[in-house]
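First comes the structure, then the notes that go with it.
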Amino acid sequence: MPTRTTMPAVLGASRLMLSLMVTTAVAAQRAPAVGPRGSTDSVDRFIRAEMARRHVPGVALAVVRSGRLVKAVGYGLADVEDDIPVTTQTVFKIGSVSKQFLASGVMLLAQDGKVNIDDPVEKYIAGTPETWRGITLRHLLSHTSGILREGPAFDPYKVQADSVVIQSAFAAALDFPTGSKWQYCNVCYFTLAEVIARVSGKPWPAFMEERIFAPLAMTATRTTTTTDLVPHRAHGYAWRNNRYVNTEEYLALRPSGAFLSTVLDLAKWDMALEDGRVLTAATEEAMWTPIGLTGGARYAYGFGWSLDSLGTHRQVHHGGALPGFRAEFARFPADHLTVIVLTNSDSGSPDELARGVAQIYLGR
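Residue numbering for the sequence shown follows the numbering used here, beginning at 218 and increasing consecutively.
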């Protein structure tokens with residue numbers, strides 16, 4: 218990884234850096250390039266062919282290499298009804314790609330010395346049941362707590378406090394002994410969001426805006442249930458009976474899949490990860506290390522990130538899914554390559570799109 222900058226940057230330098238990032242993004246949109254073994258045509262042909270094959274109305278793609286945005290482009294339609302095209306400014310729901318942000322929020326509090334990830338959950342959440350006594354923040358971050366996947370009280374069409382959903386899981390038995398295996402858990406990320414709110418003393422969306430989105434000029438990133446009008450927002454679709462149909466719109470805010478964003482905003486986040494402007498090297502390494510289980514084995518998941526490989530290339534990534542939307546954020550740290558794919562379709566398979574684009578850049 219390139220040499221890291223120090224955390225407290227001079228204000229003028231920070232503004233200059235953000236200006237350069239925006240300039241780079243605009244330049245990349247006007248004249249997109251690819252890696253030395255690929256071509257713009259090969260990437261575009263691949264994406265368009267997959268969109269046609271999978272019935273995906275719209276895709277936004279960003280590729281970052283060595284901290285520089287080298288390709289950013291939209292394909293297809295953000296709004297099928299009104300024939301509005303996808304651009305790099307199109308706003309998509311990113312589903313569980315949001316988990317890396319919630320995990321980063323907890324790790325920022327750890328960097329501040331306000332939490333320890335090996336603290337028991339009961340230190341921050343009152344009234345936890347006896348079955349939760351051995352569960353730590355580390356278990357929540359890594360999906361190894363044993364807590365059931367969804368809170369029984371969760372209703373996608375009902376606005377309610379996160380604490381209500383969390384408490385509804387208290388009476389349920391653990392699915393397995395804490396730390397003994399991995400099982401995806403959205404309740405865990407509801408609980409982490411509540412920890413962020415209680416420790417920081419502010420709503421977790423406000424904390425995320427203050428500590429990550431605003432400093433990185435991620436101006437299009439916000440929660441899915443914002444009451445503000447969202448410019449350039451994509452509609453979500455499913456392919457049924459040989460036609461596109463609109464998908465349902467959740468009213469509830471899920472911390473586990475909380476955010477709307479664009480490929481340009483997510484590229485800014487990736488560049489911040491690359492040069493350590495938000496998280497320290499030690500924090501990133503902790504988040505990208507396979508979690509240890511009680512039996513001595515390791516599982517290929519860190520804190521809000523899946524960990525595996527594409528051929529011989531180490532991959533740190535996460536997907537996201539909500540009705541009408543699929544997303545993938547894939548980093549190849551040793552290659553200093555990141556591929557971000559956002560789609561407005563239930564059949565988007567952005568993980569496969571990201572792998573295909575990465576293979577072109579990596580010189581398959």
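Just so you know, even glycine gets a beta-carbon here, dropped at the ideal spot from N, CA and C.
As the structure is a computational prediction, the values presented were derived from the model and not from experiment.
Which whole-angstrom value is the C-beta distance of T444 and I342, which I expect to be below 8 angstroms? Position 227 of the sequence shown, counted from the first residue, corresponds to residue 444. Position 125 of the sequence shown, counted from the first residue, corresponds to residue 342. With 8 angstroms as the limit, T444 and I342 do not qualify as a contact, their Cβ atoms being about 28 angstroms apart.
For Q576, does the three-state DSSP call read helix, strand or coil? In the sequence shown, the residue the question calls residue 576 occupies position 359. Note: Q576 maps to helix in three-state DSSP.
Just to confirm, are A437 and V308 a CB contact at a threshold of 8 angstroms? Against the sequence shown, residue 437 aligns to sequence position 220. Against the sequence shown, residue 308 aligns to sequence position 91. Judged by their CB atoms, A437 and V308 are nearer to each other than the 8 angstroms cut-off.
Contact with chain B by M435, beta-carbon distance below 8 angstroms: Looking at the structure shown, chain B is missing, and only one protein chain is on hand.
Straight-line Cα distance separating T464 from A269: Taking the first residue of the sequence shown as 1, we reach residue 269 at position 52. Taking the first residue of the sequence shown as 1, we reach residue 464 at position 247. Those two C-alpha atoms are separated by around 19 angstroms.
Using the three-state DSSP reduction, which class does Y292 fall into: helix, strand or coil? The residue given as residue 292 occupies position 75 in the sequence shown. Correct three-state label for Y292: strand.
Per DSSP, which one or two residues make a beta bridge with Y374? On the sequence shown, position 157 is the one that residue 374 refers to. Bridge partners of Y374: none, in fact.
Please specify which runs of the alpha helix (DSSP H), each continuous and at least 4 residues long, are wholly inside the segment 447-512, giving them in chain order. 480-492 and 498-504
Could you give the first and the last residue of the continuous alpha helix (DSSP H) run that contains Y359? Against the sequence shown, residue 359 aligns to sequence position 142. As written in the sequence, residue 359 is Ser, which differs from the Tyr given in the question. Residues L354 to S359.
Nearest-angstrom Cβ-Cβ length linking A390 and T440, presumed shorter than 8 angstroms: Looking up residue 390 in the sequence shown gives position 173. Looking up residue 440 in the sequence shown gives position 223. About 32 angstroms; that fails the 8 angstroms criterion.
Per DSSP, L559 forms a beta bridge with which residues? For the purposes of this step, residue 559 is identified with residue 342 of the sequence shown, where counting begins at 1. Beta-bridge pairing links L559 to A277 and A544.
Rounded C-beta distance between V480 and V260? I'm assuming under 8 angstroms. Taking the sequence shown and counting its residues from 1, one reaches residue 480 at position 263. Taking the sequence shown and counting its residues from 1, one reaches residue 260 at position 43. So it is not a contact: roughly 14 angstroms between Cβ atoms.
Buried versus exposed, by CB contacts within 10 Å (16 or more), D258: On the sequence shown, residue 258 is found 41 positions in, with the first residue counted as 1. Result: exposed.
Output needed for Y516: all residues of its chain with C-beta closer than 7 angstroms, excluding positions within five of it in sequence on either side, in chain order. For this step, residue 516 is matched to residue 299 along the sequence shown. These residues qualify, in order along the chain: W399, P507, I508 and L510.
In chain order, what residues of the same chain lie with their CB nearer than 6 angstroms to the CB of T560, ignoring the 5 residues before and after it? If you number the sequence shown from 1, residue 560 lands on position 343. So the qualifying residues of the chain are V273, V276, R543 and P567.
Please return the same chain residues whose Cβ sits closer than 8 angstroms to the Cβ of P540, not counting the five positions on each side in sequence. Along the sequence shown, read from residue 1 onward, the residue named residue 540 stands at position 323. Closer than 8 angstroms at Cβ, skipping near neighbours: G453, A455, T464, E465, E466, Y467 and D563.
Counting beta carbon pairs with one atom in the segment 331-346 and one in the segment 365-378, are three or more of them shorter than 8 angstroms? No, they do not touch.
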